[in-house]
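From first to last, the protein sequence lines are chains Z and G. FYI, the working numbering numbers position 28 of the first sequence as 28, with every residue one higher than the one before it. FYI, the working numbering numbers position 322 of the second sequence as 1322, with every residue one higher than the one before it.
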Amino acid sequence: MMTLKVNGREHQVDAEADTPLLYVLRDDLKLNAAKYGCGLGQCGSCTVIVDGKAVLSCVVPMVLLEGKQVTTLEGLGTIAEPAPIQRAFMEEQAAQCGYCIPGMMMRAQALLQKNSKPTDEQIRAELEPHLCRCGTHMRILRAVHRAARLMDTADVSPAANGSAR
Amino acid sequence: MNAAVIIDRRRVLAGGGALIVSFSLGSALAQQQDAPQAAAPSPPGSLKTSPYLDAWIRIDADGVEVFTGKAELGQGFKTAFQQIAAEELDIAFESLKVTTADTRLTANEGYTAGSNSMKDSGTAIQNAAAQVRALLIAEAARRLGLSAESLRTADGAVIAPDGKRLSYGELVAVDMLHVQAQPDSKLKDPATFKVIGRPVPRVDIPAKVTGGEAYVQDMRLPGMLHARVVRPPSYGAELTECDTAAVGKLPGVVKVVRDGNFLAVVAEKEFQSIKAMNALAAAAKWKETARLPKQDDLVNVLTSLPSQDTTIFERSNAAVAAHRTIEATYTRPYQAHGSIGPSCAVAQFVDGAMTVWTHTQGVYPDRQGIAEMLRMPPANVRLIHVDGSGCYGHNGADDAAADAALIARALPGRPVRVHWTREQEHAWEPYGPAMVTKLKASLDGNGKIADWNFDVWSNTHSMRPGGAGSMLAAQHMAQPFAVPAPRPLPLPEGGGDRNAIPFYNFPNTRVVHHFISAMPLRISAMRALGAYHNVFSIESFIDELAILAGADPVEFRLKHLDDQRGRDVIEKAAQAFGWKPDQKPPPDRGYGFAFARYKNLAAYCAVASEVEVNRETGRPRLVRAAAAVDSGQVVNPDGLINQIEGAIVQSMSWTLYESVTFDDTRITSIDWQTYPILRFSSVPESIEVHIIDRPGQPFLGSGETGQGPAAASIANAVANATGKRLRNLPLTRKRIKEAIDA
Chain Z
1 MMTLKVNGRE HQVDAEADTP LLYVLRDDLK LNAAKYGCGL GQCGSCTVIV
51 DGKAVLSCVV PMVLLEGKQV TTLEGLGTIA EPAPIQRAFM EEQAAQCGYC
101 IPGMMMRAQA LLQKNSKPTD EQIRAELEPH LCRCGTHMRI LRAVHRAARL
151 MDTADVSPAA NGSAR
Chain G
1001 MNAAVIIDRR RVLAGGGALI VSFSLGSALA QQQDAPQAAA PSPPGSLKTS
1051 PYLDAWIRID ADGVEVFTGK AELGQGFKTA FQQIAAEELD IAFESLKVTT
1101 ADTRLTANEG YTAGSNSMKD SGTAIQNAAA QVRALLIAEA ARRLGLSAES
1151 LRTADGAVIA PDGKRLSYGE LVAVDMLHVQ AQPDSKLKDP ATFKVIGRPV
1201 PRVDIPAKVT GGEAYVQDMR LPGMLHARVV RPPSYGAELT ECDTAAVGKL
1251 PGVVKVVRDG NFLAVVAEKE FQSIKAMNAL AAAAKWKETA RLPKQDDLVN
1301 VLTSLPSQDT TIFERSNAAV AAHRTIEATY TRPYQAHGSI GPSCAVAQFV
1351 DGAMTVWTHT QGVYPDRQGI AEMLRMPPAN VRLIHVDGSG CYGHNGADDA
1401 AADAALIARA LPGRPVRVHW TREQEHAWEP YGPAMVTKLK ASLDGNGKIA
1451 DWNFDVWSNT HSMRPGGAGS MLAAQHMAQP FAVPAPRPLP LPEGGGDRNA
1501 IPFYNFPNTR VVHHFISAMP LRISAMRALG AYHNVFSIES FIDELAILAG
1551 ADPVEFRLKH LDDQRGRDVI EKAAQAFGWK PDQKPPPDRG YGFAFARYKN
1601 LAAYCAVASE VEVNRETGRP RLVRAAAAVD SGQVVNPDGL INQIEGAIVQ
1651 SMSWTLYESV TFDDTRITSI DWQTYPILRF SSVPESIEVH IIDRPGQPFL
1701 GSGETGQGPA AASIANAVAN ATGKRLRNLP LTRKRIKEAI DA
């Protein structure tokens, strides 16, 4: 049994020490957002935040996570009360299939937590470890810029209905 | 049944014509419906093959539900269908529920492919909804003793002049919608549209950005087990030895499944299944055969394989004389769909019935294949589409579904989830086929094209199921199913010859399709099929001819094109880009242009692009692109823009970076390191997409429209920037550098 702190709650997890965090999140804690994409740290789909830093959960074994704080996309907000980053991705309609998007959002969230006004260049550089196959990149970039503005104004009222853009 | 209602239905839908009303009682399941009776002309879209209105729209006291046999693959058409139904039914968008492909619930619409979903299913839903609304009005008129003309509909109810409301739920009676659609519907005037044509936010995005259960990968059924397959190391490899005893004793392992060359392991927890898979792979000994062709000699390999040659288009006008003639060969390598989420499926075998949850593009054909593989009657197999990672064609989805079914049969009662590894997806998915095109054309004395010869060598572009033999598990079983003989896809849509016939007017034209039936690598449908390479070839060669003629590429295209809608998108893209005949790009930059009408019968798309080439390294970079698209009546403009933006970005990645690699035995591009694709550092500064809406015109689809034009536009910009023409895809940094240095 190991103790893992996820989204502000402590969980007792029955997993072997070499189990990558991704499988504990998905299999033991039934969380959906972190995705298996490659298991090799090449695509970014599994990204979560550990102690404020974006981490590839498919290559981080449980043994390294004792006492650390894990945040997943589920921990940021809900459909009814989306976090600024979630609201921004909804408002920009920044998804096609959407499979890569949760990982992108967590990397962007980590960036915005330490740099509230990143430049376009900084956002692109930060997202370099992430792959998107649908070609949604332009919208992802716009969504991260929008999230920065939303966080800045701390205006987190729900997204207006009716128009995507 | 109520006779008065039947008479009404005749009157309402048939206008006195030969309407066939079905009297079948009981559950009105789409797949159980009688074959359509001979009646001409037939109703539009997929109503042709699934004519009953209740295959598309069902109404009961709980609400209105819309059904489509197509699968949401991330294109967003689930939202578009909901808009169409809301519009034609006069009901609130939010109150509708849309159910997608399920062999128990929805019409059989074959595959979700070819940019046909709007044309097939969107058209069916639009017409079915309009006819259902007419039936509801007629029923209200009968009950109220008023004329149908005096009634109107709004917000899910029929409303009388005195304000009395009869909700659709109140009006609908048993089997009332179980009636065949008529050829003509009274559709709304596009000028009155309130929901169609609006950028309604996609219904699936909120769950996808908040960690909701959004994909088959996210399914967790009670008692579900996790399986992993151990695939052979190469095509045709045979399992000679495998001691499974030790693997069976690993923590959590429930079962090792071996059936000939098919090998899998099932465990209680997911990571246990992965560890067991690795142990099983280490224990397995395979006999491999070197049977792959020489990768660096693909042109000769392909053009020397036996081919079935068909002249698919010929036109001649001896009066036009050739002055100057050029020729060129263009090639495309094998390319991978490369879904970000490897293929996945969940299957459960209970009391002799198999249920498979899958991200397949064709639940009905896939059901047929799985039923054949399991030697079960198709009626005992149910396939349910669940969203997956974007597939862009026939990837591992169907194979994963077959894997899950085969494994689940060995563990009756327990749901089994199979998730492929990254390496399996890369090595085993059926690739987009390699292609070769040879072009030869002449200018006349006035700088116009006098003759045009186009030869394309290609495999088929679909090895989808249908039969079991299309699926890996069935091929690998001890009693294997043979891979079915490939067939060329028929024109006018075509496969390897999709878009091989030029959309321009040339006085002398000859197009030959060399269909190659031998398939050295496993291949199937990849977004746009042959159109990607054929449009790349045609639109590159048009530029070569424009240069030879000393003409501006945009003007040169317009000079050879009569189709007004084609001319409109060309002019729109050129104008949005700021294209000028005498333009001079900045140093090391180039401008490129390309156009196509997808399949020569669907959406129109033109793309102008600006590319920068680093002359020291050869590295190309798409700086910006401007596109124009005409997809007929637009349902969701933001969805359409999203599709075209994505097509340009994805096509750029194919065009600049991507090729499947292999040695004489094994596929060697097995992850993102060995099969690199676009990353953020190469994402353009801007992509503009301009829509030319055509209210009231048929839906033309959009998913595959942009791939070919984007590729050629970028290639033309590279040629403009460097003065060197690259004709072999991908246009890698290395190839560009070699061309510059040559």
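Each residue gets a CB set at the ideal place from its N, CA and C atoms; glycine is no exception. A quick note: this is a predicted structure, and the numbers were derived from the prediction, not measured.
Z:Gly41 sits close to Z:Pro129, with the two beta carbons spaced by under 9 Å. Contact with chain Z is found for G:Glu1270, since one of that chain's Cβ atoms lies less than 9 Å from the residue's Cβ. One thing to note: Z:Pro102 has its Cβ within 9 Å of the Cβ of G:Lys1208. Among the residues facing chain Z, G:Val1623 is not included, as its CB has no counterpart in that chain under 9 Å away.
For G:Trp1428, the secondary structure class from DSSP, reduced to helix, strand or coil, is helix. One alpha carbon belongs to Z:Leu111, the other to Z:Gln69, and they sit about 17 Å apart.
Under a criterion of Cβ atoms nearer than 8 Å, the residues of chain Z adjacent to G:Val1683 are, in order, Arg124, His137, Met138, Leu141. At a beta-carbon threshold of 7 Å, the residues of chain Z lying near G:Ser1389 are Cys97, Tyr99, ordered along the chain.
Sequence-distant partners of G:Ser1117 (beyond 5 residues in either direction) whose C-beta falls short of 6 Å from its own C-beta, in its chain, are Lys1070, Phe1077. In this structure the segment 1496-1503 of chain G does not lie against the segment 1463-1480 of chain G, because fewer than three pairs of beta carbons, one per stretch, are closer than 8 Å. Take G:Gln1697, set aside five residues on each side of it, and the residues of its chain with a beta-carbon closer than 7 Å to its own are Gly1632, Gln1633, in chain order.
With a minimum length of 3 residues, there is no unbroken run of beta strand (DSSP E) contained wholly in the segment 1108-1142 of chain G. Contact residues of the segment 31-42 of chain Z toward chain G are Leu31, Asn32, Ala33, Ala34, Lys35, Tyr36, Gly37, Cys38, Gly39, Leu40, Gln42 (C-beta to C-beta distance below 9 Å). Residue environment for Z:Thr153: exposed (fewer than 16 other C-beta atoms within 10 angstroms of its C-beta). Below the 8 Å Cβ cutoff, chain G contributes Val1209 as neighbours of Z:Met105, in chain order. Between G:Met1224 and G:Pro1415 the beta-carbon gap is near 4 Å, inside 8 Å, which marks them as a contact.
Within 7 Å of the CB of Z:Gln93, the CB atoms of chain G belong to Pro1201, Arg1202, Ile1205, Asp1638, Asn1642, in sequence order along the chain. Among the bridge pairs identified by DSSP, G:Ile1641 is matched with none. G:Pro1684 and Z:Leu141 have their C-alpha atoms spaced approximately 11 Å apart. Cβ-Cβ distances below 6 Å link Z:Cys58 to Pro20, Leu22, Gly39, Cys46 in the same chain, with the five nearest sequence neighbours on each side left out; the list follows chain order. DSSP places G:Val1683 outside both helix and strand once states are collapsed to three, so it counts as coil.
For the set Z:Gly52, Z:Arg9, Z:Gln93, the Cα lying nearest the Cα of G:Pro1201 is the one of Z:Gln93.
Proximity of the segment 1269-1287 of chain G to the segment 1476-1485 of chain G falls short of the contact definition, fewer than three beta-carbon pairs being nearer than 8 Å. Annotation: the continuous beta strand (DSSP E) that includes G:Leu1383 extends over 1381-1385. Within 10 angstroms of the beta-carbon of G:Lys1599 lie 16 or more other beta-carbons, which makes it buried.
For Z:Leu131, the nearest beta carbon of chain G is closer than 9 Å to its own beta carbon. Residue range 1353-1358 is occupied by the beta strand (DSSP E) that includes G:Met1354. Look at Z:Gln12 here: in three-state DSSP terms it is strand.
Listed along chain G are Pro1206, Ala1207, Val1209, Thr1210, Gly1212, each with a C-beta nearer than 9 Å to that of Z:Ile79.
Using a CB distance below 9 Å, the part of the segment 1314-1342 of chain G facing chain Z consists of His1337, Gly1338, Ser1339, Ile1340, Gly1341, Pro1342, ordered along the chain.
Taking all protein chains shown into account, G:Ser1316 has fewer than 16 neighbouring C-beta atoms within 10 Å of its C-beta and is therefore exposed. The closest CA to that of G:Gln1368, considering only G:Trp1357, G:Gln1361, G:Val1381, is found on G:Val1381. Z:Met1 sits exposed, since fewer than 16 C-beta atoms from the chains shown fall within 10 Å of its C-beta. Against chain G, the CB of Z:Glu74 has a partner CB under 9 Å away; the residue lies at that interface. Taking the beta carbon of G:Glu1645 as reference, the chain Z residues within 8 Å of it are Gly135, Thr136, Met138, Arg139, listed in sequence order. Annotation for G:Lys1164: no beta strand (DSSP E) segment contains it, and DSSP assigns it neither H nor E.
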